[in-house]
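For what it's worth, the working numbering labels the leading residue of the sequence shown as 1361, then goes sequentially. Here a beta-carbon is modelled for each residue, glycine too, at the ideal position from N, C-alpha and C. Quantities reported herein were computed from a predicted structural model and do not represent experimental measurements. This report concerns only the one structure given below.
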Amino acid sequence: MTKRWLPILMALTGTVLGLCAPAAAVKVADITRIGGQRTNVIVGMGLIVGLKGTGDGGAYLPATKYLVGMLERLSRSDPAVATNLATVKDLASANNVAIVSVMATVPRDGVRNGDHIDCTVNSIGAASSLKDGTLFVTPMRIADPRVARFVAMAQGQVVIEDPTVSTAGVIKGGAVLEADLPARYIEDDGRFWLILDDAAASWTNASTIAKVINDAEGTSGETLAVAVDPKNVSVSIPPPERERPDSFISRVQRLPVPMLATEARVVINDRTGTMIVTGDVEISPVVISHKGLTITTTNPPPVPSLRNPLVTQKTLVPLDTTNQGGAKLQDLVNALDQLKVPAEDRITIIKELYRTGKLHAKLIVE
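This is the structure we're talking about:
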């Protein structure tokens, strides 16, 4: 029986994945996106009608005024509505309508006139539920005060996806685009931007991507790509290809990029008790004692048999698909496997190692 004093190299959790930096190449498209390839939000404000007594009620003046305003707009084209136009006083007991915000996310590759996208509705009044309601035709615009025109119209049956929140719902395909909203990838000077994913952003990767592009596409030493910062690479489309740049952009996205060593990271999720450890994390030799833990060893080890099989329990799973982790990664996993403690205790130990300067990595706690 040996006391739980461990000279150890280390990082920890209940679920720990050791991920090493592979020497194999990934494609440019795997770790970047093209500038302009982003989502946008369109918004509006409308009325849910047809509620079964769960609406805002006539006492909620904003909803009542909105309903009156809607009727006034309809009356301009329908004389029958004009002669029966209601007032705020007439609608004092209305509880079958609710005023809502309407939002929809435009996909990052853009949309065209006539496309349908989902929209969400959220009560902004006194309604207790939007169940069984229908969104009345609602104009929507881009969430930018500089753009005044409406770009979509929304309507349809509300679906309550979360029964515990009945004042919010979704309308599948409820927003119909009335204008083209294309993604703008290429600037007027013939450049586009490669934006590295956060996990891959570094001067090393950005510089490597620029060099790969210049070596593959540059002629006579021409510099087409420049790493502007750890996250952005500027790429100039050669003049002969600017009229039809699709082939050039496709070739760039398919170029292989050797993944060089990046910063060592330990990412901890306190809520789930999960920790991700990159294979290049190092820990200085250190002695650890935690809550009187003991580790039992038997010498010589017993000979396994059918009656008494040798059972090995591992709580750590190293992922090393390119076999680049080597002894360092395996030593780390073996050391962690000796600590038969709950996930929260392992996380506590790794935080202490970081605090004392023995963990040589960036610690990210989510």
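A residue is called buried once 16 or more other Cβ atoms fall within 10 Å of its Cβ, and LYS1387, having fewer, is exposed. Using a Cβ-Cβ distance cut-off of 8 Å, the stretch 1577-1589 and the stretch 1532-1541 are not in contact, since fewer than three pairs of beta carbons, one from each stretch, lie closer than that value. By the neighbour-count criterion, in which a residue is buried when 16 or more other Cβ atoms sit within 10 angstroms of its Cβ, SER1644 is exposed. Of all alpha-carbon atoms in ALA1585, ASP1630, ARG1625, the one lying nearest the alpha-carbon of ILE1609 is that of ALA1585. When the five nearest sequence neighbours on each side are left out, the beta carbons in the same chain lying within less than 8 Å of the beta carbon of PRO1590 are those of LEU1556, ALA1561, SER1562, TRP1563, ASN1565, ALA1566, in order along the chain. The criterion of a C-beta distance shorter than 8 Å is not satisfied by GLY1404 and ARG1468. A direct Cα-Cα distance of roughly 38 Å separates ASP1475 from ASN1574. Using a C-beta cut-off of 8 Å, the stretch 1518-1527 makes no contact with the stretch 1539-1555, since fewer than three inter-stretch Cβ pairs fall below that distance. Here the C-alpha atom of ASP1416 lies approximately 35 Å from the C-alpha atom of ARG1472. Each residue's CA atom was taken as its position, placing THR1480 and LEU1495 some 10 Å apart. Nearest neighbour of LEU1407 by Cα position, chosen from ASN1455, ALA1389, GLY1396, ASP1390, turns out to be ASN1455. For GLY1413, the closest of SER1489, MET1463, ILE1402 by C-alpha to C-alpha distance is SER1489. With 16 or more other CB atoms across the displayed protein chains lying within 10 angstroms of its CB, SER1483 is buried. Distances from the CA of GLY1516 to each of LEU1719, ASP1478, ALA1487 were compared; the closest alpha carbon is that of ASP1478.
In the same chain as ALA1539, and ignoring 5 residues on each side of it, the C-beta atoms closer than 7 Å to its own belong to ASN1473, VAL1511, in chain order.
Counting the other Cβ atoms within 10 Å of the Cβ of ALA1514 gives 16 or more, which makes it buried.
Between ILE1707 and LEU1554, the C-beta gap is not smaller than 8 Å, which leaves the two residues out of contact.
Straight across, the Cα-Cα distance linking VAL1462 with VAL1409 is about 14 Å. The three-state secondary structure of VAL1518, taken from DSSP, is coil. In this structure, DSSP gives ARG1625 an extended state, which the three-state scheme calls strand.
Per the coordinates, the alpha-carbon of VAL1497 lies some 41 Å from the alpha-carbon of ASP1390. A Cβ-Cβ distance of about 10 Å is found for the pair GLU1726 and ILE1636, leaving them out of contact under the 8 Å criterion. A Cβ-Cβ contact shorter than 8 Å links LEU1723 with VAL1626.
Contact check for PRO1618 against ALA1464 fails: the beta carbons are separated by 8 Å or more. Membership of PHE1552 in the beta strand (DSSP E) is indicated by the continuous run 1551-1556.
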